[in-house]
Each structure stands twice: as structure tokens, then as C-alpha cells.
Amino acid sequence: ETAVFQTPNYHVTQVGNEVSFNCKQTLGHDTMYWYKQDSKKLLKIMFSYNNKQLIVNETVPRRFSPQSSDKAHLNLRIKSVEPEDSAVYLCASSYGNANTEVFFGKGTRLTVV
Amino acid sequence: QQNVQQSPESLIVPEGARTSLNCTFSDSASQYFWWYRQHSGKAPKALMSIFSNGEKEEGRFTIHLNKASLHFSLHIRDSQPSDSALYLCAVSGGSALGRLHFGAGTQLIVIP
Chain A
101 ETAVFQTPNY HVTQVGNEVS FNCKQTLGHD TMYWYKQDSK KLLKIMFSYN NKQLIVNETV
161 PRRFSPQSSD KAHLNLRIKS VEPEDSAVYL CASSYGNANT EVFFGKGTRL TVV
Chain B
2 QQNVQQSPES LIVPEGARTS LNCTFSDSAS QYFWWYRQHS GKAPKALMSI FSNGEKEEGR
62 FTIHLNKASL HFSLHIRDSQ PSDSALYLCA VSGGSALGRL HFGAGTQLIV IP
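Note that the protein sequences, when read in sequence, are chains A and B. Note that this note's numbering has the first sequence beginning at 101, numbered continuously upward. Note that this note's numbering has the second sequence beginning at 2, numbered continuously upward.
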């Protein structure tokens with residue numbers, strides 16, 4: 101049963117546009133993440149947030165900026181998208197400890213034309 | 002920097018076969034080892050995890066960990082068509098803390 105909700109499911113946009121993706125978790129977790137899954141299905145972590153505070157930015161281009169209003173929400177904004185940004189963006193959450201399960205949303209598929 | 006590698010990239014097996022998926026990692030300080038399963042168009046979901054050397058069995062699934070060899074594996078007994086999915090191994094702990102570092106995945110197809 102889904103407890104990490106992402107919107108939209110799909111988004112098609114042109115190079116140079118700005119896009120925003122939303123994520124909400126109802127699990128009571130204090131840590132949220134954004135992962136990028138490329139066309140080869142490789143999942144790479146982009147950002148880690150703990151209780152609204154950025155913990156890690158995994159060498160992501162500056163046009164990507166996460167935004168958190170509270171510990172249950174973590175949005176992702178991309179300014180001036182580029183073709184290589186086409187991917188599935190997966191939001192996730194956990195209790196933050198390395199031995200606890202990370203729960204994922206279904207993802208937002210971004211296509212940049 | 003953690004480097005997680007999976008093999009094979011893809012696997013096609015008949016229903017009822019035993020399937021083995023492999024994962025190697027580079028950071029010897031890694032502490033926790035996971036297998037996630039992602040059906041097409043769905044969210045990845047944790048299947049099994051292991052935190053100490055040895056073997057752990059849950060139903061048809063068994064996970065092996067050998068930290069000294071920087072290797073862990075997933076074995077599926079009596080594979081079913083419903084097992085068809087992308088299997089992702091992941092590592093956490095050590096310098097990565099709670100963040101998961103994934104391999105590129107093994108696409109498993111079980112043919113009825």
C-alpha cells in the first residue's frame with residue numbers, strides 16, 4: 101500500500117522550462133530523499149533531508165533544488181531543464197537510520213523534448 | 002565512494018527454476034545489505050535485508066552475505082511468473098549512513 105505520494109505521474113516539457121514535483125509521506129518518517137532513475141534503471145540518490153534540513157546534496161547540478169515545508173513534504177524544483185534530466189524521479193522516506201527500510205513513491209517520469 | 006555492481010544484467014528462467022542474483026560492493030565499512038524489487042511502473046519495495054555474515058531465508062527467498070568478499074546474493078527457489086521484476090541490490094551504513102547506494106539492477110523474467 102502506497103504511503104509515499106508523488107505528483108504528477110508524468111510530465112513532458114521543453115528544454116529551458118522550470119518544473120516542480122511534489123512528494124508527501126504519511127509514514128511519520130523524519131528523513132526524505134530524492135532519487136533519480138535513469139533509462140538504464142540505475143537509481144542514484146540526489147538529496148537527503150532530515151526534519152526539513154538538507155543533509156546531503158550528492159553532487160547534483162545547481163538547477164535542481166529541493167524544498168521542504170515540513171518533515172512530511174519534500175518537493176523538487178528543476179530550473180531550466182536539460183535533455184539529460186529526462187528520467188524517473190523517485191521520492192522516498194525512512195527513519196533515517198541505516199538499518200531501517202526506505203519506502204519509495206511510484207515516481208514522476210520527466211521527459212524533456 | 003561506494004561502487005555497487007550487480008550481475009547478471011538480465012535473466013530469463015522457466016517457472017520452477019532456482020534463480021541466483023549477485024551483488025558486489027566496494028566500501029568495506031558498509032553495514033546493511035538490501036534487495037529491493039521493482040515491478041514495471043511501480044515503486045521499488047524492500048524484499049529482504051541482512052546485517053551480518055551468513056544466510057537468511059524467508060519463504061522462497063534466501064539472502065547470503067560475505068562481507069570479507071564484499072559480496073551478497075539473492076536466491077529464489079521455485080521461481081514464479083509473479084517474480085518477474087527488476088531486482089535492485091543496495092547498501093547502506095558506514096560513510097553512507099541511512100542513504101542507499103544501489104546497483105544497476107537485474108531484470109528477471111520467469112516464463113510460465
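Positions of the beta carbon are idealized from the N, C-alpha and C atoms, including for glycine. As the structure is a computational prediction, the values presented were derived from the model and not from experiment.
Short CB-CB distance (under 8 Å) between residue i and chain A
{"i": "Lys57/B", "result": "no"}
{"i": "Pro9/B", "result": "no"}
{"i": "Phe103/B", "result": "yes"}
{"i": "Gly106/B", "result": "yes"}
Own chain, CB closer than 7 Å to residue i, minus 5 neighbours either side, in chain order
{"i": "Ser11/B", "result": "Thr107 and Gln108"}
{"i": "Arg61/B", "result": "Ile77, Arg78 and Asp79"}
Local Cβ density within 10 Å of residue i, reported as buried at 16 or more and exposed below that
{"i": "Pro183/A", "result": "exposed"}
{"i": "Ile145/A", "result": "buried"}
{"i": "His55/B", "result": "The question names His, yet the displayed sequence has Gly at residue 55/B. Exposed, since its Cβ has fewer than 16 Cβ neighbours within 10 Å."}
{"i": "Gly1/B", "result": "For residue 1/B there is no data in the structure shown, the boundaries of chain B being 2 and 113."}
{"i": "Gln137/A", "result": "buried"}
{"i": "Pro166/A", "result": "buried"}
{"i": "Thr1/B", "result": "Since the first residue shown for chain B is 2 and the last is 113, residue 1/B is missing from the structure and cannot be characterised."}
Bridge partners - residue i, DSSP secondary structure assignment
{"i": "Asp8/B", "result": "Rather than Asp, the amino acid found at residue 8/B in this sequence is Ser. Answer by DSSP bridge pairing, in chain order: Asn23/B."}
{"i": "Tyr133/A", "result": "Ser148/A and Ala192/A"}
{"i": "Asn71/A", "result": "Outside the displayed span of chain A (101 to 213) sits residue 71/A, for which this structure offers no information."}
Cβ of residue i within 8 Å of any chain B Cβ
{"i": "Thr131/A", "result": "yes"}
{"i": "Lys179/A", "result": "no"}
{"i": "Ser139/A", "result": "no"}
Residues near residue i in its chain [Cβ-Cβ closer than 6 Å; skip 5 each side]
{"i": "Ile51/B", "result": "Phe34, Lys57, Ile64 and Leu66"}
{"i": "Gly116/A", "result": "Ser180"}
{"i": "Ala102/B", "result": "According to the sequence provided, residue 102/B is His. The question's Ala does not apply to it. Closer than 6 Å at Cβ, skipping near neighbours: Gln3, Val5 and Val92."}
{"i": "Ser29/B", "result": "none"}
Residues of its chain near residue i, where Cβ-Cβ distance is below 8 Å and the 5 sequence neighbours each way are ignored
{"i": "Val119/A", "result": "His111, Thr113, Arg177, Ile178, Val181 and Leu210"}
Please go through the region 48 to 104 of chain B and give each complete beta strand (DSSP E) segment of 3 or more residues, from N-terminal end onward. Counting only unbroken stretches of 3 or more residues, the beta strand (DSSP E) elements lying wholly within the region 48 to 104 of chain B are 55 to 59, 62 to 67, 72 to 77 and 86 to 93, in sequence order.
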